[in-house]
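Step one of this worksheet: look at the structure below.
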Amino acid sequence: MTPLSKNAFVVMGMCSRSRQPFGITVDPVERNQLRLVWAFKINADKARREGYDKTKMKGAIEYGPEYPGCPYCESTQFYVCHRCDTIVCYHGEEQVTCPKCGVTAGLIESEQIELTGGGL
Ligand SMILES: [Zn+2]
Ligand SMILES: [Zn+2]
0 MTPLSKNAFV
10 VMGMCSRSRQ
20 PFGITVDPVE
30 RNQLRLVWAF
40 KINADKARRE
50 GYDKTKMKGA
60 IEYGPEYPGC
70 PYCESTQFYV
80 CHRCDTIVCY
90 HGEEQVTCPK
100 CGVTAGLIES
110 EQIELTGGGL
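Just so you know, we're using numbering that gives the first Met the number 0 here: the sequence shown kicks off at 0 and counts up by one.
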């Protein structure tokens, strides 16, 4: 696996199909450039205890060569819920409902997104 920088962090995601939580390892490889390195199944209670909500970082997303996509449905597309900051995998819908907080919204495309996460 690609070595991570010391600034790497984990953000919480949730699968829109299975409604199961997962974590994504993100490495800010350059200024304003966030690389998605890996995705893995995670226990939601564990994630809360380990404080995966302490880091905020903004940048353009790129995919690392080993990034597997959502560990449940394998989608590599996602959006970030504007209400709860969760990454949710995306399947081309015009309107999406966040599986975590239930908010329904249209999507806005943006070059830079802000991710909230925590230490590895
Ligand atoms: Zn999924
Ligand atoms: Zn949400």
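From the three backbone atoms N, C-alpha and C, an ideal C-beta is built for every residue, glycine too.
Handout entry: Cut-off 6 Å between Cβ atoms - residues of its own chain near Lys40, not counting five sequence neighbours on either side
Key = As a first step, residue 40 is located in the sequence shown; it is residue number 41 there, counting from the start. Closer than 6 Å at the Cβ level, and outside the excluded window around Lys40, lie Phe21 and Pro70.
Practice task
Report the rounded CA-to-CA distance for His81 versus Pro2, giving the unit in angstroms.
Solution key: Position 82 of the sequence shown, counted from the first residue, corresponds to residue 81. Position 3 of the sequence shown, counted from the first residue, corresponds to residue 2. So the alpha carbons of these two residues sit roughly 31 Å apart.
Practice task
Determine the direct distance from the alpha carbon of Ser15 to that of Glu93, and round the result to whole angstroms.
Solution key: For this step, residue 93 is matched to residue 94 along the sequence shown. For this step, residue 15 is matched to residue 16 along the sequence shown. When rounded, the distance between both Cα atoms is 14 Å.
Exercise for the section: Consider the C-beta atom of Arg16 and the heavy atoms of ligand 2; say whether any pair is separated by less than 7 Å. Expected result: Residue mapping note: residue 16 aligns to position 17 of the sequence shown, counting from 1. For ligand 2, not one heavy atom lies less than 7 Å from the Cβ of Arg16.
Practice task
Could you pull out every residue in the same chain whose Cβ sits closer than 6 Å to the Cβ of Asp26, ignoring the five residues on either side in sequence?
Solution key: Position 27 of the sequence shown, counting from 1, holds the residue named residue 26. Result list for Asp26: Leu3, Ser4, Ala7, Arg34 and Val36, in chain order.
Problem - Burial state of Val9 (16 or more Cβ within 10 Å) - result: Indexing the sequence shown from 1 puts residue 9 at position 10. Buried, because 16 or more other Cβ atoms sit within 10 Å of the Cβ of Val9.
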